[in-house]
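Encoded as C-alpha cells, the structure appears first; notes follow it.
There are 2 protein chains.
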Amino acid sequence: MKRTKRERQTALKKSIVENPFVTDEELSAEFDVSVQTIRLDRMELAIPELRERIKHVAVKTFEDEVKSLPIDEVIGEIIDIELDEKAISIFDVKPEHVFQRNQIARGHHLFAQANSLAVAVMNEELALTVKSELQFLRPVKAGQRIVAKAVVSERQPEKNRAFVKVVSTVDQVTVFIGTFEMYRMTEQSEGEVI
Amino acid sequence: MKRTKRERQTALKKSIVENPFVTDEELSAEFDVSVQTIRLDRMELAIPELRERIKHVAVKTFEDEVKSLPIDEVIGEIIDIELDEKAISIFDVKPEHVFQRNQIARGHHLFAQANSLAVAVMNEELALTVKSELQFLRPVKAGQRIVAKAVVSERQPEKNRAFVKVVSTVDQVTVFIGTFEMYRMTEQSEGEVI
Chain A
1 MKRTKRERQT ALKKSIVENP FVTDEELSAE FDVSVQTIRL DRMELAIPEL
51 RERIKHVAVK TFEDEVKSLP IDEVIGEIID IELDEKAISI FDVKPEHVFQ
101 RNQIARGHHL FAQANSLAVA VMNEELALTV KSELQFLRPV KAGQRIVAKA
151 VVSERQPEKN RAFVKVVSTV DQVTVFIGTF EMYRMTEQSE GEVI
Chain B
1 MKRTKRERQT ALKKSIVENP FVTDEELSAE FDVSVQTIRL DRMELAIPEL
51 RERIKHVAVK TFEDEVKSLP IDEVIGEIID IELDEKAISI FDVKPEHVFQ
101 RNQIARGHHL FAQANSLAVA VMNEELALTV KSELQFLRPV KAGQRIVAKA
151 VVSERQPEKN RAFVKVVSTV DQVTVFIGTF EMYRMTEQSE GEVI
C-alpha cells in the first residue's frame, strides 16, 4: 500500500533523524520512490543533503557505550554505535595527517580510524586485532572528512573471534575498505592472549 | 675449503659490522658452523649478542638515500636501506603508543612503521599504498624495540606496481607481518593517481 506524500515525508524525516548518514539512494529504496522524489521531499522539509548533514552532525560522547577501550583512545569521533553490530565514526583530515609532498592523507591514519572503530564495536573488555586486509581506493586530502562505517560481519564466540568490515567514505565516495579479524575475550575468562 | 678459526672470526666481525641485525642462526648458516661456535666466536671477539647490538645501534640519517618521502615522515628510524631492495627500521614503543588498559602497543603504530618503510624503500618520487595484508602475531609492550625489515618481493613496472613484505620482530620474535602492494611512479610521468 502506497503512502501519501505527507505520510512519506513524516517517515522520511524520522529516518534521517535516526540515521543522519543515510543516503538519498538508501531512502529511495526504503520508501520505494525515485531518488529525485527524495530530493524534492528533502527540499520541502528543508533537510540538507547528506554532505551538509555530515559536516554538522552533533558529536555526542559514547563513553558509557564503548567497553573495549576508553573513548579518548578511539581515533576519530564516534557518531553512532551499537555494540557487536555496527558503528560510525568521523575523522577530519588535517595538514598534520598528510604527506608534505602531495598532500595525500597517510595510510596509517585511515587504518587507525578504522581499526579503533573495529575495536570499539566489540562488546568485550578485551579486543585485539589479529589480521587485517586493507584497500586504499582513493587518495584523501587535508580538509576532507572521512566517515567510517563498521559492521560486525561474523561472530565465532567459540574461537574468541569476530570479523568486522569497515568502509570509509568521503562525500559518499569509498576511499578505504578494511576487514578486521578480532580476538575478543571478557576479562574474567582471560587466558593467554593470542 | 674450511676456513681457519682466525679467518672465520675476521669474516664474522666484518659480517656483523655490515649488518648488525644478522642473527647467530644466519651467521651459523653463512659460515657453516654451529650456532654454539658463533656464540663462542662472538664472546672471544667481545661482540654483544643481537639483542644488545640492536639496543645500541648507531642511527645515521638516510636523508639522501630516501626518495619517496622526507626522512622525518618515516615512522621509526631507518637503520639501513637499499632502494628497491630492502630496508630496516627500528621503533621504540613508548607509553603513548599502548592501550592504557593492557599496555599493548596499538596496531596502527606497528602498521605505520611498516607502511612508511614500504614507502621509503621505493626508488620513486611518488609511492602510495594500494593494498595491504596484516598479521598481528604477538602483543608488543611499552619499552620494547620493534625491528622492521622490508624486502621488495616483486616489481611490476609496466603496471606501476611493486610488492613489499615487512616482517617486524622484538628480540628476534616475529610480532607482525605486513605485505604491501605499492603504486609507484616518477613525478615526471605522473598521471592520474590510482
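Just so you know, the protein sequences line up as chains A and B, in that order. Using the numbering used here, read the first sequence as starting at 1 and increasing by one per residue. Using the numbering used here, read the second sequence as starting at 1 and increasing by one per residue. Idealized CB from N, CA, C, for every residue including glycine.
Under 8 Å between C-beta atoms of residue i and residue j
{"i": "M182 (chain B)", "j": "A150 (chain B)", "result": "no"}
{"i": "D171 (chain B)", "j": "R51 (chain B)", "result": "yes"}
{"i": "V166 (chain B)", "j": "L117 (chain B)", "result": "yes"}
{"i": "V93 (chain A)", "j": "V121 (chain A)", "result": "no"}
{"i": "S28 (chain A)", "j": "V35 (chain A)", "result": "yes"}
{"i": "H109 (chain A)", "j": "F111 (chain B)", "result": "no"}
{"i": "Q113 (chain A)", "j": "I75 (chain A)", "result": "yes"}
{"i": "L83 (chain A)", "j": "F99 (chain B)", "result": "no"}
{"i": "E196 (chain B)", "j": "E133 (chain A)", "result": "There is simply no residue 196 (chain B) to check, as chain B begins at 1 and stops at 194 in what is shown."}
Cutoff 6 Å; reference residue i; Cβ partners in own chain excluding five residues on either side
{"i": "T41 (chain B)", "result": "Looking at the sequence shown, residue 41 (chain B) is not Thr but Asp. Excluding positions up to five away in sequence, the list reads Q9 and L12."}
{"i": "V175 (chain A)", "result": "L137, R138, V140 and S168"}
{"i": "R184 (chain B)", "result": "M122, E124, A127, N160 and A162"}
{"i": "Q135 (chain A)", "result": "I177"}
{"i": "F31 (chain B)", "result": "R8"}
{"i": "R145 (chain A)", "result": "I90 and D92"}
{"i": "P95 (chain B)", "result": "A142"}
Cβ-based burial, residue i [other Cβ within 10 Å; buried from 16]
{"i": "A46 (chain A)", "result": "exposed"}
{"i": "R106 (chain B)", "result": "buried"}
{"i": "T169 (chain A)", "result": "buried"}
{"i": "T4 (chain B)", "result": "exposed"}
{"i": "G143 (chain B)", "result": "exposed"}
{"i": "K14 (chain B)", "result": "exposed"}
{"i": "K2 (chain A)", "result": "exposed"}
{"i": "Q156 (chain B)", "result": "exposed"}
Chain-order list of residues whose beta-carbon lies under 7 Å from that of residue i (same chain, five-residue window excluded)
{"i": "T23 (chain A)", "result": "L50 and Q172"}
{"i": "F62 (chain A)", "result": "I71, I78 and I81"}
{"i": "Q188 (chain A)", "result": "Here Q188 (chain A) scores only 43 on pLDDT, less than 50, and its place in the model should not be relied on; the value that follows carries that caveat. None."}
{"i": "N19 (chain A)", "result": "none"}
{"i": "R6 (chain B)", "result": "none"}
{"i": "R206 (chain B)", "result": "Since the first residue shown for chain B is 1 and the last is 194, residue 206 (chain B) is missing from the structure and cannot be characterised."}
{"i": "M43 (chain B)", "result": "none"}
{"i": "Q103 (chain A)", "result": "K141 and A142"}
Other residues of its chain near residue i: CB distance less than 8 Å, five sequence neighbours each side excluded
{"i": "T129 (chain A)", "result": "N115, A118, V119, F180, E181, M182 and Y183"}
{"i": "E77 (chain A)", "result": "V59, S89, I90 and F91"}
{"i": "K131 (chain B)", "result": "F180 and E181"}
{"i": "E25 (chain A)", "result": "V35"}
{"i": "H97 (chain B)", "result": "A105, R106, H109 and A142"}
{"i": "E85 (chain B)", "result": "V121, V151 and V152"}
{"i": "E73 (chain A)", "result": "S116"}
{"i": "K67 (chain B)", "result": "L83, M122, N123, E124 and E125"}
Counterpart residues of residue i in DSSP-defined beta bridges
{"i": "L128 (chain B)", "result": "B:Y183"}
Below-8 Å beta-carbon distance, residue i vs any chain E residue
{"i": "H108 (chain A)", "result": "Looking at the structure shown, chain E is missing, and the protein chains on hand are A and B."}
Taking only runs of the alpha helix (DSSP H) that begin and end inside the segment 134-183 of chain B, which ones reach a length of at least 4 residues, in chain order? none
Write down every uninterrupted run of the alpha helix (DSSP H) in the segment 55-120 of chain B whose length is 4 residues or greater and which is fully enclosed by it, in chain order. 107-120
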